[in-house]
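Numbering (our numbering), first residue to last: 4 to 91.
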């Protein structure tokens with residue numbers, strides 16, 4: 004069975020002094036990443052809002068059918084009008 008090395012107070016203090024800058028760098032990096040994640044979340048929310056807005060503006064099948072029938076009726080009316088003009 005292995006016995007753990009007992010750290011002396013001076014040695015522990017030296018280890019903590021060496022670790023402090025590294026830990027500060029990790030904390031700083033974590034704060035930067037948290038801000039970046041928040042910015043990405045806001046960008047995704049904006050994109051989602053735009054997609055929702057676009058989907059609410061898309062026509063329904065009945066609107067498309069009505070438009071096609073209206074265009075076809077107009078074309079037929081022009082055809083009949085031209086036929087009547089040309090027969091006189």
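Backbone N, C-alpha and C define an ideal beta-carbon position, used for all residues, glycine too. Here the structure is a predicted model, which means the values were calculated and not measured.
{"Asked": "Residue 22 versus residue 29: straight-line alpha-carbon distance, rounded", "Found": "11 Å"}
{"Asked": "Rounded straight-line distance, which links the Cα of residue 14 to that of residue 20", "Found": "10 Å"}
{"Asked": "Backbone secondary structure at residue 62 - three-state DSSP", "Found": "coil"}
{"Asked": "Cα-Cα separation, residue 32 to residue 70", "Found": "57 Å"}
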